[in-house]
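Have a look at the structure below, then the notes.
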Amino acid sequence: MPKTTMTLRMLSILALAAALFTGCQKESSDGPVTIKVAYPVAVDAPVTDILNQYAEDYMAIHPEVTIETVYAGGYNDVKTMIQTTIDGGGDAPALSVLLATDLFDLANAQYLTSMSAHLDAMDGRDDYLGDFLPVFMENSYYMDEIWSLPFQRSAVVLYYNADMIAEAGLEVPTDWESLGETAGALTLREGNSVTRWGLDYSSDWPYWVFQPLAMGAGQNIVGAGDTEIYFDDEAVIRAIEYYNDLSAKYGAMPAGVQASWGSAVPDFVTGNRAMIVHSSGSLSSILAQADFNVGVMGVPGETEGTSFSVPGGGNIYMTAGLSEAEEKAAFDFAVFMTDAARAAEFSIATGYIATRTSCGENEELQAYRTEHPQVEEIQNILGTAGKEFAIQNLGEVRTIFHNYLQAAFNGQMDAAEAMKTAQEESDRALADFR
Amino acid sequence: MKNNKKTTVLPYLLILPTFVFVCIFTIYPTIASFVGSFYQHRLNVPRYREPVFNGLGNYRDIFASADFRMILQNTFVYVLALVPLTILAALFFALWLKNKRFARLRIAIFHPTILPMVSAATIWIFFLTPDYGLFNQFLRLFGYSGAENWISNPNLALMALVLVGFWKEAGFYMIYYLAGVQNLPEDVYEALKLEGAGPLTVFFRFTLPLLRRTTLFVTTVAVIGAFRAIDHVIVMTSGGPSGTSTLLLYQLWKVRFENLNIGQASTITVILVMVLLLFTISNFLLNEKRGEK
Chain A
1192 MPKTTMTLRM
1202 LSILALAAAL
1212 FTGCQKESSD
1222 GPVTIKVAYP
1232 VAVDAPVTDI
1242 LNQYAEDYMA
1252 IHPEVTIETV
1262 YAGGYNDVKT
1272 MIQTTIDGGG
1282 DAPALSVLLA
1292 TDLFDLANAQ
1302 YLTSMSAHLD
1312 AMDGRDDYLG
1322 DFLPVFMENS
1332 YYMDEIWSLP
1342 FQRSAVVLYY
1352 NADMIAEAGL
1362 EVPTDWESLG
1372 ETAGALTLRE
1382 GNSVTRWGLD
1392 YSSDWPYWVF
1402 QPLAMGAGQN
1412 IVGAGDTEIY
1422 FDDEAVIRAI
1432 EYYNDLSAKY
1442 GAMPAGVQAS
1452 WGSAVPDFVT
1462 GNRAMIVHSS
1472 GSLSSILAQA
1482 DFNVGVMGVP
1492 GETEGTSFSV
1502 PGGGNIYMTA
1512 GLSEAEEKAA
1522 FDFAVFMTDA
1532 ARAAEFSIAT
1542 GYIATRTSCG
1552 ENEELQAYRT
1562 EHPQVEEIQN
1572 ILGTAGKEFA
1582 IQNLGEVRTI
1592 FHNYLQAAFN
1602 GQMDAAEAMK
1612 TAQEESDRAL
1622 ADFR
Chain B
51 MKNNKKTTVL
61 PYLLILPTFV
71 FVCIFTIYPT
81 IASFVGSFYQ
91 HRLNVPRYRE
101 PVFNGLGNYR
111 DIFASADFRM
121 ILQNTFVYVL
131 ALVPLTILAA
141 LFFALWLKNK
151 RFARLRIAIF
161 HPTILPMVSA
171 ATIWIFFLTP
181 DYGLFNQFLR
191 LFGYSGAENW
201 ISNPNLALMA
211 LVLVGFWKEA
221 GFYMIYYLAG
231 VQNLPEDVYE
241 ALKLEGAGPL
251 TVFFRFTLPL
261 LRRTTLFVTT
271 VAVIGAFRAI
281 DHVIVMTSGG
291 PSGTSTLLLY
301 QLWKVRFENL
311 NIGQASTITV
321 ILVMVLLLFT
331 ISNFLLNEKR
341 GEK
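Just so you know, the protein sequences line up as chains A and B, in that order. Counting in our numbering, the final residue of the first sequence is number 1625, and the numbers go up one at a time with none missing. Counting in our numbering, the final residue of the second sequence is number 343, and the numbers go up one at a time with none missing.
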């Protein structure tokens, strides 16, 4: 008898579990809309507070819309989450902030919805789009449609300790040669050990920080087309050789691949490095910590008086498979998030670059720029920025490029040979897309 | 008769929830990956967005690729370096700290286990910083003067991962051995003492064989854990430089979510499952056989 009771109990537990399971399935209704916004936390700034505030402000104006913010780690985590949720038939975030360069692959895989239809239906479409800095819009177009809106954008810059340079009676570098010499002169040695390096040129985010060097030699690694690459170009090879020369010839930094992204900023603000190449997104943190005059510029080019940069960071994308009401709310919130006044505030709070021209009219940002001329400088550097490495089949091609770039940095391969192989392998990886 | 029938139903009912979960989350995905591995299925290539049958093409491509062979080699080196090291250390700690008065030391050795791997790896990046990093400073005490840029050196990056895995896991497996050691029969050891058996004899002839089941369990868990390592690869090296620290699971993640190549990701999954299955079964059989002797 007790066993019968037991069996019955088990059955009822199972029935309950089944009921709970089906009960948890999403309800769908036509009334109020709920959208999720997935956001990567990639910098040392109170972005979660800011984003939550955006959501609250928006919901105050639009009570029929509920916005849930999802903070899912870094860019890669958000990208992975979007894919697993959509593949699993789950409730994917309607908006997500992903790398600007993620466009082609994700659009091909139909994880994204183009924003063109909504933009076309918008009053003042051209004014709205035209107000974004053009260089930030470069990664938004694909198949004659617009897929993303610039949101948290940055650029590669060279930070220098202006006091240190002045004390040594040196000048701010203006080309490759003077960068190497200045950095070499600022390197301090005690016996066999180095107590201060003149330059920290990280090789984390390898393609990104390398691009200004390649452009400085006269050829970006990527062309205007979505399958156009120039890895084995003579200029690109020269740029690798210059990177290696920074240690071998000028003695300005340690040899080989530098995994110094995380330590570069602390080292710079404590005076252990005279110059670092880093993201413009680190500016706020550097200014807050450094007790010396911080200079900022593009990475000097091979020719006297030139300097180069490349944009980076994330755009807002709209996910595929949304209902009409969700799409509408999502797009509207995306426009709300990219509003010029908010972009200006966001720039002050985080150190990301103000994405829109009219941000310059914002008084707070003007005051902030007067106080920190470096912010203005970074805005100017963008004028010298080229296209960030975005291409079809990016994951595979980027890995190939990184592998051979690092092999060349570490002296395992000669630069020309490494780039020749990288070009051949990448051409094969791109064959399906040409 | 009636009663008998009921007793046979109940056990099945009891395992039903687990069985359903295993089916949904283990058996079904394994079969799906196995089937998927025979298809060319690439989400970012329009003509392969729907799976196209490709026979053994994925396996051929993967084994023909020098990069993948290097990744397999990295993974085996990682497992073969990490597992014996952690198990030896775990056993050593357990024997050393079995006495209650060492409770505090046990906590010290166990504490890395509590940290999430991501935090542990982040801390170790700073330990491994060239020049002033703690780890290099420590090595210099012993006269080390070699390469210091562990994470970016093609010969050292994988070892840096082993180091972090070791630091993180050894304390965890110590707990299993501690439990095993504390369950060893006291009287046997007293008898051994009376017989005048030396410490080496006691260890190799009695302690080690008596801990055989613990060792079987720990080895299985440690090997599977080592094959599944990914967190510190992402945080510390991103598989670099030049792929020299890319492990199988990291490659799987990259192929699926970065390259959007589902067919190839399925193939890697099948390879991973096969390797683990082979290991677990052979480990189990070998130990069962020895148990029968």
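For every residue, glycine included, the Cβ atom is placed at its ideal position computed from N, Cα and C. Only a predicted model underlies this, so the values are computations on that prediction, with no experimental measurement involved.
Short of 7 angstroms from the beta carbon of glutamate 1329 of chain A, and not among the five residues preceding or following it, lie these beta carbons of its own chain, in chain order: Lys1578. Residues of the stretch 290 to 304 of chain B with a C-beta less than 7 angstroms from any C-beta of chain A: Gly290, Pro291, Ser292, Gly293 and Lys304, listed in chain order.
Close to aspartate 1296 of chain A, with beta-carbon spacing below 7 angstroms, are these residues of chain B in chain order: Asn94 and Leu310. In the same chain as threonine 1260 of chain A, and ignoring 5 residues on each side of it, the C-beta atoms closer than 7 angstroms to its own belong to Val1228, Tyr1230, Leu1242, Asn1243 and Ala1246, in chain order.
For valine 212 of chain B, the closest C-alpha among the options B:Leu191, B:Leu228, B:Trp146 and B:Phe126 is that of B:Phe126.
For valine 1468 of chain A, there are no C-beta contacts with chain B under 7 angstroms, since the nearest C-beta of that chain is about 16 angstroms from it. DSSP, reduced to helix, strand and coil, places isoleucine 1507 of chain A within a strand of the structure shown. Listed along the chain, the chain A residues whose CB falls inside 9 angstroms of the CB of isoleucine 201 of chain B are Val1448 and Ala1450. For proline 204 of chain B, the residues of chain A that pass the 7 angstroms Cβ criterion are Asn1601 and Gln1603, in the order they occur in the chain. Proximity to glutamine 1557 of chain A across A:Ile1572, A:Thr1575, A:Phe1580 and A:Ala1532 peaks at A:Ala1532, based on C-alpha coordinates. For arginine 92 of chain B and glutamine 1301 of chain A, the gap between their C-alpha atoms comes out near 12 angstroms.
The CB of lysine 1611 of chain A never comes closer than 9 angstroms to any CB in chain B; the least such distance is about 16 angstroms. Under the three-state reduction of DSSP, aspartate 1391 of chain A is assigned to strand.
Taking C-alpha positions only, phenylalanine 1522 of chain A is separated from threonine 1271 of chain A by approximately 22 angstroms. In the DSSP assignment, valine 1224 of chain A falls within the beta strand (DSSP E) that extends over 1224 to 1230. A Cβ-Cβ separation of about 6 angstroms places tyrosine 1433 of chain A in contact with leucine 1404 of chain A under the 8 angstroms criterion. DSSP places phenylalanine 307 of chain B in no alpha helix (DSSP H); its state is neither H nor E. Rounded to whole angstroms, the separation of the alpha carbons of tryptophan 1388 of chain A and glycine 1371 of chain A is 12 angstroms.
Contacts with chain A at 9 angstroms (Cβ-Cβ) do not include phenylalanine 222 of chain B.
Around the beta carbon of isoleucine 1252 of chain A, a 10 Å sphere encloses fewer than 16 other beta carbons of the protein chains shown; the residue is thus reported as exposed.
For the stretch 307 to 335 of chain B, the set of residues with a beta-carbon nearer than 7 angstroms to any beta-carbon of chain A comprises Phe307, Glu308, Asn309 and Leu310, in chain order. Per DSSP, the continuous alpha helix (DSSP H) segment holding threonine 163 of chain B begins and ends at 153 to 164. As DSSP reads the structure, isoleucine 1477 of chain A sits in no beta bridge.
Boundaries of the alpha helix (DSSP H) around glutamate 1517 of chain A: 1515 to 1528.
For isoleucine 1582 of chain A, the secondary structure class from DSSP, reduced to helix, strand or coil, is coil. The beta carbon of leucine 1585 of chain A lies closer than 7 angstroms to those of Thr1292, Phe1295 and Asp1296 in the same chain, with the five residues before and after it left out. Contacts with chain B (Cβ-Cβ distance below 7 angstroms) from the stretch 1259 to 1282 of chain A involve Lys1270, Thr1271 and Gln1274, listed in chain order. Looking at A:Tyr1262, A:Asp1282 and A:Met1306, the one whose alpha-carbon comes closest to that of phenylalanine 1524 of chain A is A:Met1306. Counting along the chain, arginine 97 of chain B sits inside no alpha helix (DSSP H), nor does DSSP assign it H or E at all. A residue is called buried when at least 16 other Cβ atoms come within 10 angstroms of its Cβ; tryptophan 1367 of chain A meets this threshold and is buried.
In the three-state reduction of the DSSP assignment, glutamate 198 of chain B falls in the coil class.
Within the DSSP bridge table, the entry for asparagine 1352 of chain A names A:Val1485 as partners.
For aspartate 1623 of chain A, the closest of B:Val95, B:Ala220 and B:Leu66 by C-alpha to C-alpha distance is B:Val95. Contact annotation: glycine 1447 of chain A and asparagine 199 of chain B have beta-carbon atoms nearer than 9 angstroms.
Using a 10 angstroms sphere on the CB of lysine 218 of chain B, the tally of other CB atoms reaches 16 or more, which defines it as buried. With its beta carbon at least 9 angstroms from every one in chain B, tyrosine 1421 of chain A lies outside the interface.
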